[in-house]
Each structure stands twice: as structure tokens, then as C-alpha cells.
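Have a look at the structure below, then the notes.
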Amino acid sequence: MLRQTKTRSSIAKSSRQSNRWLSTALVLFKRVGLRFAAMLFVLWLGAWFVLSGGVQKTQNFAIQEFYEASAKAGFRLNNIYVEGRENTDASLLMALINAEKGMPLFAVDPHKIRIALADISWIESIAVKRVFPDSVHINIVERKPAALWLNEGRLMVVDRTGYQITTQNVDRFEDLLILNGKDAPVHLDVLQSYLSAVPEVAERIDQATLIGKRRWDLHLKNKITVNLPEDNIGLALQRLLKTHQEDGILDKTIKNVDLRQDDRLIIEAYPGTAQKQYSFVSGKGSPI
Numbered sequence: 015m016l017r018q019t020k021t022r023s024s025i026a027k028s029s030r031q032s033n034r035w036l037s038t039a040l041v042l043f044k045r046v047g048l049r050f051a052a053m054l055f056v057l058w059l060g061a062w063f064v065l066s067g068g069v070q071k072t073q074n075f076a077i078q079e080f081y082e083a084s085a086k087a088g089f090r091l092n093n094i095y096v097e098g099r100e101n102t103d104a105s106l107l108m109a110l111i112n113a114e115k116g117m118p119l120f121a122v123d124p125h126k127i128r129i130a131l132a133d134i135s136w137i138e139s140i141a142v143k144r145v146f147p148d149s150v151h152i153n154i155v156e157r158k159p160a161a162l163w164l165n166e167g168r169l170m171v172v173d174r175t176g177y178q179i180t181t182q183n184v185d186r187f188e189d190l191l192i193l194n195g196k197d198a199p200v201h202l203d204v205l206q207s208y209l210s211a212v213p214e215v216a217e218r219i220d221q222a223t224l225i226g227k228r229r230w231d232l233h234l235k236n237k238i239t240v241n242l243p244e245d246n247i248g249l250a251l252q253r254l255l256k257t258h259q260e261d262g263i264l265d266k267t268i269k270n271v272d273l274r275q276d277d278r279l280i281i282e283a284y285p286g287t288a289q290k291q292y293s294f295v296s297g298k299g300s301p302i
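Residues in the sequence shown are numbered from 15 upward in steps of one, following this note's numbering.
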């Protein structure tokens with residue numbers, strides 16, 4: 015009888031412990047479950063806020079509030095200073111800058127202005143900055159017109175590197191050298207480097223024609239054509255200059271000067287006039 019009582023007491027005690035563990039587990043589960051549910055709700059709410067554009071709208075609102083506050087503090091655009099503009103169209107420049115007097119200075123984005131103006135063909139490089147409290151400074155480095163390229167019946171302004179700038183208002187650059195030939199602009203820099211060493215010859219040139227992508231013919235203003243060689247162009251031009259200084263050949267009524275042979279300069283005269291040659295020995299020229 016005593017043993018049965020102990021057994022029942024042990025069973026009851028075990029049942030009470032199990033109930034306590036179960037109660038504790040349920041409480042913990044409820045707490046964790048609520049926290050997990052709360053976490054899921056927060057995550058869902060954040061995702062909805064982002065996907066619905068709430069973040070962007072809030073950010074934009076904050077930015078606009080900052081712009082307005084800065085403008086009230088005196089940071090408004092009153093001046094736009096542009097340095098270095100010579101050939102760039104002013105109306106196009108201002109349209110691309112797209113900034114109005116009186117707008118908040120902080121609303122002017124120098125990076126966006128640089129990107130917009132970089133599309134103008136005259137502009138080689140540009141720097142844009144805000145100058146507090148009320149100005150924007152724009153410094154432009156323009157491409158330098160070096161020649162006019164005659165291509166398919168149209169004249170194109172090009173710089174020394176061969177960059178094609180514009181076909182508009184080319185009459186403003188009528189004093190520039192005219193280039194002929196498909197790839198003539200690409201080779202302009204090399205040609206001008208040679209011509210810069212003989213300015214007395216260079217100033218007489220009206221046009222230059224690239225022949226077969228290999229060599230140049232120079233057409234002078236007095237209708238004389240000068241055939242340059244493929245190689246040793248600098249030496250050939252120096253010989254031409256020396257011969258002109260000694261005999262004035264570039265002022266004569268002649269048709270052509272051929273510099274393609276290393277040891278002589280050949281003068282082609284008009285019909286009825288004797289042809290003349292100059293031979294060169296040790297750098298000295300003499301007629302033959």
C-alpha cells in the first residue's frame with residue numbers, strides 16, 4: 015500500500031513538472047513568435063517603402079528643403095562667368111548650361127554641366143565650379159582651327175590632330191590651309207610640324223593634297239605645285255627654301271617643283287619655257 019502511494023506521488027510530481035515545462039515553452043514560443051512576426055512586419059514595411067518610391071520621395075523632399083533654406087540664406091545664382099569662349103556659340107552654351115538667375119546655387123550641378131557642354135564640338139576640355147555665394151565659373155579650352163578639309167564638296171574645320179569640328183560658318187576661316195584627300199586631316203599634324211620649320215615657304219601655301227596616303231603635294235597661292243617626297247620631307251623643304259633664297263624660284267612663273275629625288279630639284283615650266291633642274295651635292299644646290 016505504501017509503495018502504491020509513492021508511485022502515485024511520483025507520477026503526479028512528474029506530471030506537474032511536464033506541465034511547467036510545457037507552459038514555459040508556450041510562453042517562450044509566444045514571445046519569439048511575436049518578435050519574429052514583428053520583425054517580418056518591419057521588413058515588409060521597409061520593402062514596401064522602398065518599392066513604392068517612398069525613400070526617393072523622402073530624399074527629394076529633404077533636398078528641396080535644403081535648396082530652399084540655402085537660397086533664403088543668400089546662396090542664389092546671380093552670375094555665370096565663362097572664360098575661354100571664342101568660337102563656341104553663346105546661345106547653345108547657355109541652353110546647355112540650363113541654369114536660371116535666382117535659382118538656389120546648390121541646385122546647380124557642375125558635373126551635369128560638364129557632361130552637357132562636352133558634346134559641343136569646339137570644346138576640348140572644360141572646368142565648372144560654384145563660387146560662393148552667388149556665382150558659377152566655367153573655364154573652356156577650345157580646339158584650335160588648323161585647316162579646312164575639303165571632303166565631298168564641303169569644307170570642314172579641323173584642328174591639328176584632325177578632329178572634325180564643324181561645317182558651319184567656315185568662311186570665317188578662309189585664311190586657313192585647305193586640305194584635300196580622304197585621310198588628309200589625320201596626317202595634318204606631321205605636315206605642319208615640317209612646315210613650321212620653313213615659315214617662308216609655309217606662308218605661300220594655299221592648299222595641300224594627300225596623294226595615296228603616302229605623300230603631299232603643296233599648292234602655292236601663285237599656282238605653283240610642289241611635290242614632296244614620301245620620306246625626308248624636312249630635308250626636301252630645306253632644299254626648297256635654300257634654292258628660293260638663292261634664286262627666287264617660288265616667285266618665278268613656273269608650273270611645278272619636284273622634290274621627290276634626293277639629289278636634285280626639278281622645275282617644270284609652262285609650255286614654251288625651258289625646264290630647269292638643280293642638283294645637290296653636300297647640301298649645296300646649283301642649276302644644271
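Every residue gets a Cβ at the ideal spot worked out from N, C-alpha and C, and that includes glycine. These numbers come from a predicted model, not from an experiment.
Next on the checklist: Restricting to Cα atoms, I'd like to know which of 118, 132, 154, 133 is closest to residue 98.
Outcome noted: 154
Next on the checklist: According to DSSP, simplified to helix, strand and coil, what is residue 77?
Outcome noted: helix
Checklist entry - Could you give the distance in angstroms between the alpha-carbon of residue 110 and the alpha-carbon of residue 199? => result 29 Å
Checklist entry - In terms of residue numbering, what span does the alpha helix (DSSP H) encompassing residue 156 cover? => result Run containing residue 156: none in the alpha helix (DSSP H); it sits in the beta strand (DSSP E), 149-156.
Next on the checklist: Below 8 Å on the Cβ atoms is my contact criterion, and I expect residue 241 with residue 273 to pass it. Report the Cβ-Cβ distance as a whole number of Å.
Outcome noted: 6 Å
Checklist entry - residue 161 by DSSP, collapsed to three states: which one? => result strand
Checklist entry - Should residue 140 and residue 128 be called a contact, given that it needs their Cβ atoms to be closer than 7 Å? => result yes
Next on the checklist: With DSSP as the reference, identify every bridge partner of residue 193, one or two as the case may be.
Outcome noted: 163, 222
Next on the checklist: Once DSSP output is grouped into helix, strand and coil, what is the label at residue 208?
Outcome noted: helix
Next on the checklist: Assuming residue 108 is part of the alpha helix (DSSP H), what are its boundary residues?
Outcome noted: 104-111
Next on the checklist: Based on DSSP bridge pairs, tell me the residues matched to residue 270.
Outcome noted: 239, 282
Next on the checklist: Cutting at 7 Å between CB atoms, please list the residues of its own chain near residue 179, excluding the five before and the five after it.
Outcome noted: 135, 136, 157, 159, 171, 172, 173
Item to check | Residues bridged to residue 232 (per DSSP) | outcome: 222, 240
Checklist entry - Buried or exposed: residue 181, going by 16 or more other Cβ atoms within 10 Å of its Cβ? => result exposed
Checklist entry - Per DSSP, what kind of secondary structure is residue 169 in: helix, strand or coil? => result strand
Checklist entry - Quick one: Cα of residue 84 to Cα of residue 103, how far? => result 32 Å
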